[in-house]
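Chains as they are written, first to last, in the working numbering: chain A, -16 to 286; chain B, -16 to 286; chain C, -16 to 286; chain D, -16 to 286.
Structure, as structure tokens:
4 protein chains.
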Amino acid sequence: MINGIITPMVTPLLSDNVSLDVKHTKNLIEHIISGGVHGLFILGTTGEATNLSYKTRAKLIIETCKIVNNRIPVFVGITDTSIEESIALAAISKEAGAAAVVAAPPYYYGLGQIELFKYYWSLADQVALPLFLYNMPSHTKTNIEIETTLKLAEHSNIIGLKDSSANIVYFQKLVYLLKNKNFSLLVGPEEVTSQTVLMGGNGGVNGGSNMFPKLYVALYNATIAKDFQRIEELQDLVMEISTKIYSLGSFGSSYLKGMKGGLAALGIIDANIAPPFQSFEEKEMNAVRKNIEHIKSKLDKVL
Amino acid sequence: MINGIITPMVTPLLSDNVSLDVKHTKNLIEHIISGGVHGLFILGTTGEATNLSYKTRAKLIIETCKIVNNRIPVFVGITDTSIEESIALAAISKEAGAAAVVAAPPYYYGLGQIELFKYYWSLADQVALPLFLYNMPSHTKTNIEIETTLKLAEHSNIIGLKDSSANIVYFQKLVYLLKNKNFSLLVGPEEVTSQTVLMGGNGGVNGGSNMFPKLYVALYNATIAKDFQRIEELQDLVMEISTKIYSLGSFGSSYLKGMKGGLAALGIIDANIAPPFQSFEEKEMNAVRKNIEHIKSKLDKVL
Amino acid sequence: MINGIITPMVTPLLSDNVSLDVKHTKNLIEHIISGGVHGLFILGTTGEATNLSYKTRAKLIIETCKIVNNRIPVFVGITDTSIEESIALAAISKEAGAAAVVAAPPYYYGLGQIELFKYYWSLADQVALPLFLYNMPSHTKTNIEIETTLKLAEHSNIIGLKDSSANIVYFQKLVYLLKNKNFSLLVGPEEVTSQTVLMGGNGGVNGGSNMFPKLYVALYNATIAKDFQRIEELQDLVMEISTKIYSLGSFGSSYLKGMKGGLAALGIIDANIAPPFQSFEEKEMNAVRKNIEHIKSKLDKVL
Amino acid sequence: MINGIITPMVTPLLSDNVSLDVKHTKNLIEHIISGGVHGLFILGTTGEATNLSYKTRAKLIIETCKIVNNRIPVFVGITDTSIEESIALAAISKEAGAAAVVAAPPYYYGLGQIELFKYYWSLADQVALPLFLYNMPSHTKTNIEIETTLKLAEHSNIIGLKDSSANIVYFQKLVYLLKNKNFSLLVGPEEVTSQTVLMGGNGGVNGGSNMFPKLYVALYNATIAKDFQRIEELQDLVMEISTKIYSLGSFGSSYLKGMKGGLAALGIIDANIAPPFQSFEEKEMNAVRKNIEHIKSKLDKVL
């Protein structure tokens, strides 16, 4: 069972916006691990996986596993529209020493639920690492319906689901229907990690833990301890990050741009972002810097 | 400030499927009030408001206020595409003794946020009762964006928002941004009332409290008391209702049909439903009866 | 069989934005009839039907039928979420002398196709005038699927369908599957009336014929005559109206605001618009006036 | 300027469902060319491009160009979420002798229009072959708005747009606004090719021309000749294919499955389909065979 805070790692890029920045990747990983998170998830939505070439994806897998060196489990996103490419990424992950792979539904054609079920079952059969489902309907167009998840949970190689739908009714139904099933249920949006853990969820795959890993770990621990005064104090900081860092600039990519901008403001990586996106302009970067400063000074007081 | 469990009352209909069934309305109201809920909300989505004629809506407002007789506050849905009709319903509500009115965005044309803001501000100016916003984007097509809500919360006659989007990230942002503002934030989906109250929400407008008002009140009380053993016990029952009563039959209207079917199985009202919907067929009704029986026997043990 | 150009009439309003402006309604109807259109459709989407009170809707039906005085057939929109209100509007229409009624699907709850079929069949049974289906999925959320339309076309009182989906593949399938069935198929968007008539459609319900009825009639006639030089000349004017009058200001309501603004610029009605919308501000009105001027001078040369 | 019928070629696969079937690819290409089409488009939506590995995509490009051997122009889909992979596919296409490349928007993240514009401009700068835009909002989530297309049409290396939105109002606006601009506008859906060509479009990228290339070419020719008797005769056959081959089985993938099933019934390729899809079961295949038989016998009479 996977529990706790998993960091969906951003992918540090060189100034050509497409090549892996290995030096800053090392920086970032050390920063994250030092914050006490329970796992690292590379090549997810926050990791811009689909926007990277396969060469870059492979390099990131290998470098990350080398740097982490088994200190925490590494989860690798193998989401792809081609099952052959997903399987190839899984093989690289296995070879590199990753703990598990994570796959959202193929995202070009919309799928019927039966098609989706057959796809996942077949994928789980063909990868040598345990498989996490990843529900992300806003991006993939295909929701992994409750019934489909229940059937897939029967596969011995499918060990959990990360839900980034932000539909907590959906999540809560899964928590109820999969109780005592040895199946991990993690939420994407960091704004609701605490409450879903209070209600039986296993943890969060929270982007903000790239910047402030200690905060999300502390909030998780306070939640497990049911220390509500501490929860409120930390949740407010999580909400400040959410409303002041992720919503600058144009909608859609503002989360990604804010996250990389925030990490650049903290001096951990450069803010380069892969096409089709472009980094924040100076105006937004100034806002990010100012807000990060403010959040950091608050954080230093409570952590 | 409105806190607690508000019942979004179903509208009991005679066998012509369009006329108000006053006798069973009385039954239902007494049943709900005896369960200890904190308020009654008529003419909402669960109340099939838009499917009823204006004559029937007016009659329901008057009869309900008479039956309730100020024992608990009555909230009246005035959601309409015509502002004149909304204002007329508000006037009837005021006259009848209702406590507040509730309005979702006009739902035929999609609205821009500026149009939406101007609409709500003008409506709040023109109704004599306090106004609750009602976010229901799946039905109205127009989301009440965070920024719009913050600006509307400045109007002295706008006192809260009911969110039925099921997007708890949205709800949690409102809780954070409107903290200490004397603005009630209630959630629609009963599956997440407990967790949103734990994180600062004010309560739930929960359809299931038509059938089992004591359950939802007990869960709310356990949540306020942070009695997690009790929360888990009761939340499981809420989830059983959610997964076994609301998801029979065809998608979309299954919630409404299940709810009225459940109330009929309990002998509280007849299952008649207004066009464009049709009541469950015998097959689904049998499933409802069986599941209600099972839930009721469990409930009797814990309440 | 209904063929040709039907004008979906805007509803002239007084400066309170909610009351019918009878004087300008007369102006507008005479203007439209003098342009030679084949029918008048009131209380459609262009007519802001859902935003008007029932009193105003009833008044418009009665006044319009009186003014038209059987010179051309009058079609009345009875689209509503309450079937009782739809039936009441149909009775008023019958009494006033209208030729047929038009109904889009109920638009608050999304409907399954079986629910939709049963709804329409029952409605057709209960109205004394012939019924036109109206497909408008962007506003009603429910598409009238091909299969459903084919089954409904069997009802002796359902005489046609107006399609405003802009999905011409859908429309073309209906043309093919309902060939020789005595069932009228009209398109909403004026940009594609000519081409759909060339391929077997029966005509257009074209908003622009409020402003320039002669243009749309001339284009229809040229299309019937397969006079391609004339078609191109007139189609260019239709496209100029589409791109220069309907796309100013904010998306969604820009069509309505541009249409009423254009009619005001032509001196036919005032630009008042019902809530939740607001009329164009001066800046957009100036653009409308300038563009209308330009189009009018071109039109004067070719008509 | 590209005019006429372009075949969006399906990708023949071996029974492993992932490897290119070179033998049947040759069959299919000869069949298509013998039908007189004006161009061949590989690796589009009909070609299951996103579901194939990069190795298979590269192989298909090289084999196709070799087989075609410049008899007709070859267009290659380079749609991808990674710009590096798109550029790599363009380089292979150039080397192999293709005429142009075609790209839909990146399809994992939704893009803002400014982001989309910058992405396409940059892509057009970096590929050595002329670039066709490909609007496919149902699959990519991002519509290429009118304004964006107009600005992109200024790039000397962007030569046209294929629109598969089925929104013919959108298409007709582009035809009007890009008149005399040396910019090709082609539609995807074969049901509307004739009418869009009548109104100024340049042709169709019609999947059915995999099966019956002569039919679509004959319809195009009849359209250019404005031979309306012939158009009606042939359009009816196109509609019969549309309604009897593409709509069997489950929604979404039924088009692809029907197309490959139809080609198998004609003995041109095997029906193997790449994951995440699965070929039709025997029941649907029998329906396909029967319908193809019927269509073929009709076709033999008119062509």
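Ideal Cβ placement from N, Cα and C applies to all residues, glycine included.
Given the structure is predicted, the values throughout are model-derived calculations rather than measurements.
### Proximal residues to B/L181 (C-beta, below 8 Å), its chain only, five neighbours per side dropped
Excluding residues up to 5 positions away in sequence, T206, K209 lie with their Cβ nearer than 8 Å to the Cβ of B/L181 in the same chain.
### Message
Given a cut-off of 9 Å on the beta-carbon distance, is the pair B/S177 and B/Q212 in contact?
### Response
no
### Query
Is the Cβ-Cβ distance between A/E215 and B/K156 less than 9 Å?
Cβ distance not < 9 Å, so A/E215 and B/K156 don't count as in contact.
### Query
Going along chain C, which residues have a C-beta under 7 Å from D/N150?
Neighbourhood of D/N150 in chain C, by CB distance below 7 Å: A149, N150, in chain order.
### Query
Can you name the residues that DSSP bridges to B/G330?
Here chain B comprises residues numbered -16 to 286, so residue 330 of chain B is not present and cannot be evaluated.
### Query
Residues of chain C with a CB under 7 Å from the CB of B/F260: which are they?
E98
### Query
Which chain C residues sit within Cβ distance under 9 Å of D/V188?
Correct list: empty, because the minimum Cβ distance to chain C is about 14 Å.
### Query
How would you write the range of the beta strand (DSSP E) that D/A71 sits in, first residue to last?
Premise fails: D/A71 lies in the alpha helix (DSSP H), 66 to 79, not in any beta strand (DSSP E).
### Message
Check whether the stretch 270 to 286 of chain B and the stretch -12 to 1 of chain C are in contact - that is, three or more C-beta pairs closer than 8 Å.
### Response
At 8 Å Cβ cutoff, the stretches do not touch.
### Task
Compile a chain-ordered list of the residues in the stretch 41 to 58 of chain B whose CB is closer than 8 Å to at least one CB of chain C.
none
### Query
Taking contact to mean at least 3 C-beta pairs separated by less than 8 Å, is the stretch 71 to 81 of chain A in contact with the stretch 122 to 140 of chain A?
no
### Query
Using the C-alpha atoms, what's the distance from C/Y91 back to B/L112?
24 Å
### Task
Would you list the residues sitting across from C/K42 in a DSSP beta bridge?
Residue pairing by DSSP places C/K42 opposite no residue, since no beta bridge is assigned to it.
### Message
Which residues in chain A have a C-beta closer than 8 Å to the C-beta of D/I75? List them in chain order.
### Response
Result: empty, since nearest Cβ-Cβ is about 14 Å, beyond 8 Å.
#### Entry: B/Y102 vs C/P258 beta-carbon contact at 9 Å
yes
### Message
Closest to C/E287 by C-alpha separation, out of C/A270, C/I275, C/K243, would be which residue?
### Response
No information on residue 287 of chain C is available, as it lies outside the stretch -16 to 286 that chain C covers here.
### Message
I'd like to know if D/I66 contacts chain A, where contact means its C-beta is closer than 9 Å to some C-beta of that chain.
### Response
yes
### Task
Express the C-alpha separation of B/I97 and B/F154 in angstroms, rounding to a whole number.
21 Å
### Task
Please look up how many angstroms separate the CB atoms of D/T289 and D/I25, rounded, as I've assumed it's under 8 Å.
Since the first residue of chain D shown is -16 and the last is 286, residue 289 of chain D is not available in this structure.
### Supposed close pair D/F58, D/A83 - CB separation, criterion 8 Å
Here D/F58 really is in contact with D/A83; their C-beta atoms are around 5 Å apart, less than 8 Å.
#### Entry: Of the residues B/M222, B/T33, B/Q261, B/S2, the one placed nearest B/K42, counting alpha carbons only
Ranking B/M222, B/T33, B/Q261, B/S2 by Cα distance to B/K42 puts B/S2 first.
### Query
Are the C-beta atoms of A/H122 and some chain D residue less than 9 Å apart?
True, the Cβ-Cβ gap to chain D drops below 9 Å.
### Query
Is the shortest distance between the beta-carbon of D/Q218 and the beta-carbons of chain C less than 9 Å?
yes
### Task
Taking only beta-carbon positions, decide if C/P(-9) is within less than 9 Å of chain D.
no
#### Entry: Between the CA atoms of D/H277 and C/L161 - distance to the nearest angstrom
Taken atom to atom, the span from the alpha-carbon of C/L161 to that of D/H277 is near 20 Å.
### Chain-ordered chain C contacts of D/G211 [CB-CB under 9 Å]
With the sequence shown as reference, residue 211 of chain D is identified as Phe, and Gly is not the correct amino acid for it. L181, K209, listed in chain order.
### Query
Quick one: any contact between the stretch 63 to 75 of chain B and the stretch 179 to 199 of chain B, if contact means 3 or more CB pairs under 8 Å?
no
### Message
For C/K156, would you say it is in contact with chain D, using Cβ-to-Cβ distances shorter than 9 Å as the test?
### Response
yes
### Query
For B/S237, which of C/S236, C/E223, C/G95, C/I55 has the nearest alpha-carbon?
The alpha carbon of B/S237 has as its nearest neighbour, out of C/S236, C/E223, C/G95, C/I55, the alpha carbon of C/G95.
### DSSP state of D/D219 mapped onto helix, strand, coil
helix
### Query
To the nearest angstrom, how far is it from the Cα of B/T303 to the Cα of C/A270?
Shown here, chain B extends from -16 to 286; a query on residue 303 of chain B therefore has no answer.
### Query
Straight-line CA distance for D/G93 to B/L(-4)?
45 Å
### Task
Could you tell me if C/K145 is buried or exposed, where buried requires 16 or more neighbouring beta carbons within 10 angstroms of its beta carbon?
buried
#### Entry: Within chain F, the residues that A/L160 reaches when beta carbons sit closer than 9 Å
The chain inventory of the structure shown lacks chain F, comprising the protein chains A, B, C and D.
### Task
Report the option in C/D253, C/L169, C/N274 whose CA atom is closest to the CA atom of C/N0.
For the residues C/D253, C/L169, C/N274, the minimum Cα distance to C/N0 belongs to C/D253.
### Under 8 Å from the C-beta of C/S177: neighbouring residues of chain D
In chain order: M182.
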